[in-house]
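S.K.: For what it's worth, full-length UniProt numbering labels the leading residue of the sequence shown as 1, then goes sequentially.
Glycine included, each C-beta is placed from N, C-alpha and C at the ideal position.
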Amino acid sequence: MSKLLSQGHRPESVTQDSENAGALNELLSIMRQLRDPVAGCEWDKQQTFASISPYTIEEAYEVADAIDKGNMDEIRDELGDLLFQVVFYAQIAQEQSGFAFADVANSMSAKLRRRHPHIFPDKNGKTILPQKGQWEQIKAQELLSAGINRDDSILANVPLGMSPLLRAQKLQQKCAKAGFDWDALSPVLDKLQEEIEEVMAEVNAPDPSQAAIEDEIGDVLFSVVNLARHVKVDAQSALRKASTKFEQRFRLVESLVRAQGQSVKDCSLSELEAFWQQAKKQ
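Dropping the structure here:
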């Protein structure tokens, strides 16, 4: 390799690493300029961890949306937006003498090596074959080493900040790994039907309670997530695609209505249903 380098030939991986480092340094430099107390952007200077957190969640969803569309240019741009969020947090932390971007990257590298002992050899050059449950054991040891009290619950480490659908899915997956799960689809469907009937019972009660209706609707949604999990469907992805499909069809309905010289607001429900069926065929 040294001969190749001396002749001006660089392995593709080395060249790529150099380009990556240069691009990242440029991004970090831009972030420092945006947060400069004197010459920085007024909006960027005012931001905190809490203020940009909602944007981070939004950017993550936009990445998922771009992946669903399969557009590589859009995926690249949305990943850039998400990376910018990480750089933003790191710059704020560095200003507070907390940590820098390099600390974030180094922490992740160390964690990946710890959690993949079957890939990365130890200091003696020995690799460890992966074992069932090893990942959770390593994470538990990390918490112990950090002086964090271990949560012994099966449901530990499922963040409250997750989207509700994803959190429901994660909770169910953890319980399933512990054996608390149906081994057939029939009882899952029965439970969903039971929850729907309980919703209707609350809706049709002599004195309906909105809180009780909300509680039962939550049970229905939780049961739908369970159904999705049992048939190996990601609930979030399924709902996102359903929403996209609905949006596309409704936009087509609007187009069909306008072609008739009408407005959606002026159409009856039966007329809109006819347009909807037409849109589905198209």
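For Lys3, count neighbouring Cβ atoms within 10 angstroms of its own Cβ and tell me buried if that reaches 16, exposed if not.
M.R.: Note on Lys3: pLDDT 44, under 50, position unreliable in the model; no value is reported.
S.K.: For Phe275, is the classification buried or exposed, using 16 other Cβ atoms within 10 angstroms of its Cβ as the cut-off for buried?
M.R.: buried
S.K.: Could you tell me if Val224 is buried or exposed, where buried requires 16 or more neighbouring beta carbons within 10 angstroms of its beta carbon?
M.R.: buried
S.K.: For Glu74, collect the residues of the same chain with a Cβ closer than 6 Å to its Cβ; drop the 5 residues on either side in sequence, then sort them by chain order.
M.R.: Ala66
S.K.: Which class does Leu192 belong to by DSSP, given the choice of helix, strand or coil?
M.R.: helix
S.K.: Examine the Cβ distances between the region 84-95 and the region 23-37 and report whether three or more of them are shorter than 8 Å.
M.R.: yes
S.K.: Between the Cα of Leu160 and those of Ser153, Val14 and Ala168, spot the shortest distance and give me the residue it belongs to.
M.R.: Ala168
S.K.: So, are the CB atoms of Val188 and His230 less than 8 Å apart?
M.R.: yes
S.K.: Report yes if the C-beta distance between Phe49 and Ile119 is below 8 Å; otherwise report no.
M.R.: Contact flag unset, no.
S.K.: Excluding the 5 residues flanking Ile68 on each side, which residues of the same chain have their C-beta closer than 8 Å to its C-beta?
M.R.: At residue 68 the sequence reads Asp, which differs from the Ile that was named. So the qualifying residues of the chain are Ser237, Arg240, Lys241 and Thr244.
S.K.: Compare the beta carbon distance of Ile154 and Ala178 with 8 Å and say whether it is the shorter of the two.
M.R.: yes
S.K.: What residue from Glu271, Glu247, Ser268 and Gln173 has the CA that sits closest to Asp234's CA?
M.R.: Gln173
S.K.: Assuming Ala279 and Arg258 are in contact, meaning their beta carbons sit under 8 Å apart, how far apart are those beta carbons, in whole angstroms?
M.R.: Rounded, the Cβ-Cβ distance is 13 Å, inconsistent with contact.
S.K.: Can Glu216 and Glu198 be called in contact, C-beta distance under 8 Å?
M.R.: yes
S.K.: Quick check on DSSP: helix, strand or coil for Ala168?
M.R.: When DSSP states are grouped into helix, strand and coil, Ala168 belongs to the helix group.
S.K.: Assign residue 287 to one of three DSSP states: helix, strand, or coil.
M.R.: It is not possible to answer for residue 287, since the shown part of the chain is limited to 1 through 282.
S.K.: Return the chain-ordered list of same chain residues with a C-beta closer than 8 Å to the C-beta of Ala176, the five sequence neighbours on each side being excluded.
M.R.: Arg229
S.K.: Using C-beta distances below 8 Å, list every residue in its chain close to Ala60, excluding the 5 sequence neighbours before and after it, in chain order.
M.R.: Leu82
S.K.: Report the three-state DSSP secondary structure of Pro54 (helix, strand or coil).
M.R.: helix
S.K.: Can you tell me which of Leu165, Ala201 and Ala211 puts its alpha carbon nearest to the alpha carbon of Phe222?
M.R.: Leu165
S.K.: Would you mind reading off the limits of the alpha helix (DSSP H) that contains Ala238?
M.R.: Ala235 to Ala259
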